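Asker: Taken in sequence, the protein lines are chains A and B. Position 193 of the first sequence, counting from 1, maps to 192 under numbering that gives the first Met the number 0, and the rest follow consecutively. Position 128 of the second sequence, counting from 1, maps to 127 under numbering that gives the first Met the number 0, and the rest follow consecutively. Virtual Cβ for every residue (Gly too), placed ideally from N, Cα, C. Nothing here was measured: the structure is a model prediction, and the numbers come from that model. This is the structure I want to talk about, given as structure tokens.
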Amino acid sequence: MSTFQTYATLGFRHIADLGALDHILFLVALAAIYRLRDWRDALWVVTAFTVGHSVTLALAVTRVLELPTTLIEFLIPITIVVTGIENMIVRDRRRAPWRGRYRPVFAGAFGLVHGAGFANYLRSMFVDQIALPLLGFNVGIELGQIAVLTVVSITLVGLDRAIERVGRTGLVWSPHRLRVVAVSSLVTVVAFGWAIERKPW
Amino acid sequence: MLQMLLGSFTAAVVSTAAAAHPLHTTITQLEYTSESRTLRVSMRVFVDDLATAVRRQSGATVGPNHALSDAAMFAYASATLSLTDRAGQRLPMRWCGRRQTGDLVWLCLDGSALRGVIGARVDARMLFELYPDQVNIVQVTDGSHRQSLLFTRGDSAKEIR
Numbered sequence: 000m001s002t003f004q005t006y007a008t009l010g011f012r013h014i015a016d017l018g019a020l021d022h023i024l025f026l027v028a029l030a031a032i033y034r035l036r037d038w039r040d041a042l043w044v045v046t047a048f049t050v051g052h053s054v055t056l057a058l059a060v061t062r063v064l065e066l067p068t069t070l071i072e073f074l075i076p077i078t079i080v081v082t083g084i085e086n087m088i089v090r091d092r093r094r095a096p097w098r099g100r101y102r103p104v105f106a107g108a109f110g111l112v113h114g115a116g117f118a119n120y121l122r123s124m125f126v127d128q129i130a131l132p133l134l135g136f137n138v139g140i141e142l143g144q145i146a147v148l149t150v151v152s153i154t155l156v157g158l159d160r161a162i163e164r165v166g167r168t169g170l171v172w173s174p175h176r177l178r179v180v181a182v183s184s185l186v187t188v189v190a191f192g193w194a195i196e197r198k199p200w
Numbered sequence: 000m001l002q003m004l005l006g007s008f009t010a011a012v013v014s015t016a017a018a019a020h021p022l023h024t025t026i027t028q029l030e031y032t033s034e035s036r037t038l039r040v041s042m043r044v045f046v047d048d049l050a051t052a053v054r055r056q057s058g059a060t061v062g063p064n065h066a067l068s069d070a071a072m073f074a075y076a077s078a079t080l081s082l083t084d085r086a087g088q089r090l091p092m093r094w095c096g097r098r099q100t101g102d103l104v105w106l107c108l109d110g111s112a113l114r115g116v117i118g119a120r121v122d123a124r125m126l127f128e129l130y131p132d133q134v135n136i137v138q139v140t141d142g143s144h145r146q147s148l149l150f151t152r153g154d155s156a157k158e159i160r
């Protein structure tokens with residue numbers, strides 16, 4: 000196995016591991032509003048998240064940027080809470096500011112926080128070279144995210160179908176709106192609990 | 000019923016994942032010098048993890064700031080990292096010191112490999128007894144030849160090619 004493959008495997012394992020629930024939950028929060036036909040919007044948002052975390056990961060590993068672990072670990076669930084609340088507040092994205100196209104911007108900004116979270120555990124792993132392992136780790140993270148998002152998308156489609164079936168007896172909200180609120184509120188509550196547990200004061 | 004299930008799920012997730020997700024990884028560099036036919040192993044591990052593992056393995060006393068004796072560290076390193084040559088003979092290793100920087104410690108082992116390292120087998124089981132998600136990376140260098148080996152719990156020895 001090459002160095003690149005080794006670190007790509009490590010990145011994939013890190014994101015696809017159930018122990019990495021905070022990152023998985025953030026991806027769930029990001030994906031919660033999208034339907035299969037919105038895949039382009041979802042791709043933009045996830046790509047922006049990837050760019051964000053790649054930037055801080057590179058800065059932190061090269062020690063250009065040093066961030067306090069306790070603050071970062073607190074901010075990670077906050078990004079999930081904010082995303083979950085935004086999902087629930089914005090009912091019609093076409094009428095939202097910038098027609099809802101600000102989402103990739105905040106996904107990128109939140110990616111900066113998550114990247115710092117990865118870096119806090121990764122910084123010590125680079126011995127005599129940085130570029131290749133870092134690239135490998137990022138590619139692994141990206142592949143892991145795609146795997147997680149595939150599972151999340153399939154689950155959300157299943158949830159939509161279940162809600163539609165129940166909806167035949169009459170629902171106040173549309174099935175999609177119900178899915179967004181149900182998933183987002185659950186994710187928000189869980190992340191809020193983490194934020195309290197990790198508060199740095 | 001649904002509320003109860005959701006409540007239980009939420010409570011379980013909050014309690015299990017409240018702590019941040021660490022990356023349990025050790026990195027070992029294994030460098031072979033063909034001129035002298037010698038091996039130099041540099042194993043890097045978090046000192047607190049090493050102290051816990053050594054205490055569990057041997058019952059050795061751990062001093063303040065996870066201070067361990069060289070003998071205890073060598074015993075643990077040689078019990079969890081093994082190298083066997085192509086004939087299946089285990090390569091004996093000697094202790095060549097340690098260096099600590101912050102919360103990381105580098106353990107140094109050296110030995111000789113008269114037949115070279117290509118075709119030899121490596122097994123790296125450090126800290127598997129502590130963490131189910133432990134990953135051990137072994138980076139092998141033999142002149143310009145480089146190879147990385149990745150070990151997770153349950154893996155068997157791997158060949159250097």
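At which residues does the beta strand (DSSP E) containing Q133(B) begin and terminate?
Answerer: That residue, Q133(B), is in no beta strand (DSSP E); it is neither H nor E in DSSP.
Asker: For chain B, is any of its Cβ atoms less than 8 Å away from the one on P199(A)?
Answerer: Not one chain B Cβ lies under 8 Å of P199(A).
Asker: At which residue ranges does the stretch 34-98 of chain B contain complete alpha helix (DSSP H) runs of 4 or more residues, listed in the order of the chain?
Answerer: Listed in chain order, the complete alpha helix (DSSP H) runs (minimum 4 residues) inside the stretch 34-98 of chain B are 46-57, 69-79.
Asker: Can you find a C-beta in chain A that's less than 8 Å from the C-beta of S147(B)?
Answerer: By this cut-off, S147(B) is an interface position.
Asker: Is the beta carbon of V46(B) sitting closer than 8 Å to the one on V104(B)?
Answerer: Their beta carbons are under 8 Å apart, which means V46(B) touches V104(B) by this criterion.
Asker: Work out the CA separation of P91(B) and L74(A) for me, nearest whole Å.
Answerer: Their Cα atoms are separated by approximately 48 Å.
Asker: Is the beta carbon of I71(A) closer than 8 Å to that of V104(A)?
Answerer: Cβ atoms of V104(A) and I71(A): not closer than 8 Å.
Asker: Quick check: D9(A) and N137(A), are their CB atoms within less than 8 Å of each other?
Answerer: Checking the sequence shown, residue 9(A) turns out to be Leu, not Asp. No.
Asker: Should the stretch 132-147 of chain A be regarded as contacting the stretch 82-94 of chain A, the criterion being three or more beta carbon pairs within less than 8 Å?
Answerer: The answer is no - the stretch 82-94 of chain A does not touch the stretch 132-147 of chain A, with fewer than three Cβ pairs under 8 Å.
Asker: Check whether the stretch 20-32 of chain A and the stretch 184-193 of chain A touch, using three or more Cβ-Cβ pairs below 8 Å as the test.
Answerer: The stretch 20-32 of chain A vs the stretch 184-193 of chain A: in contact.
Asker: Which bits of chain A does D47(B) rub up against, with CB to CB less than 9 Å?
Answerer: Those do not exist, as D47(B) stays about 13 Å from chain A at its closest Cβ, beyond 9 Å.
Asker: Cβ closer than 7 Å: which chain B residues qualify as neighbours of T8(A)?
Answerer: Those within 7 Å of T8(A) in chain B are L149.
Asker: Identify every residue that forms a DSSP beta bridge with S183(A).
Answerer: Paired residues: none, contrary to the question.
Asker: Give me the subset of the stretch 109-131 of chain B whose CB atoms are less than 7 Å from a CB atom of chain A, sorted by chain position.
Answerer: For the stretch 109-131 of chain B, which is checked against every Cβ of chain A, not one residue is closer than 7 Å.
Asker: For S57(B) and I23(A), I'd like the C-alpha separation in whole angstroms.
Answerer: Going from the Cα of S57(B) to the Cα of I23(A) covers about 38 Å.
Asker: Check the Cβ of M0(A) against every Cβ in chain B and list those closer than 8 Å, keeping chain order.
Answerer: Those are Q146, S147, L148, L149, listed as they occur along chain B.
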